[in-house]
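Taking it in order: structure first as structure tokens, then the write-up.
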Amino acid sequence: EILIAKQRNGPTGRIKLAFISECTKFENLLEDIEEAPPE
Numbered sequence: 003e004i005l006i007a008k009q010r011n012g013p014t015g016r017i018k019l020a021f022i023s024e025c026t027k028f029e030n031l032l033e034d035i036e037e038a039p040p041e
């Protein structure tokens, strides 16, 4: 999971990822980005 807590002029949120060790890369598990609740 990557938490995007601060982004200039853009949304914040969480992205769930899967690590593919054979290729040393991450892939998105979900197509939709879950927006963080306002603080």
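Using the working numbering, the letters of the sequence shown map in sequence onto residues 3 to 41. Heads up, the beta-carbon is just placed ideally off N, CA and C, and yes, glycines get one too. Note that the structure is a prediction, hence the values are computed from the model and not measured.
Per the DSSP calculation, residue i is bridged to which residue(s)?
i: residue 29; result: 20
Inspect the beta-carbon positions of residue i and residue j and report whether they are closer than 8 Å.
i: residue 22; j: residue 30; result: no
i: residue 14; j: residue 7; result: yes
Under 8 Å Cβ to Cβ from residue i, same chain only, skipping five residues before and after it: list those, please.
i: residue 11; result: none
i: residue 3; result: 16, 17, 18, 19
For residue i, which residues of its own chain have a beta-carbon under 6 Å away from its beta-carbon, when the five flanking residues on both sides are left out?
i: residue 32; result: 18
i: residue 5; result: 16
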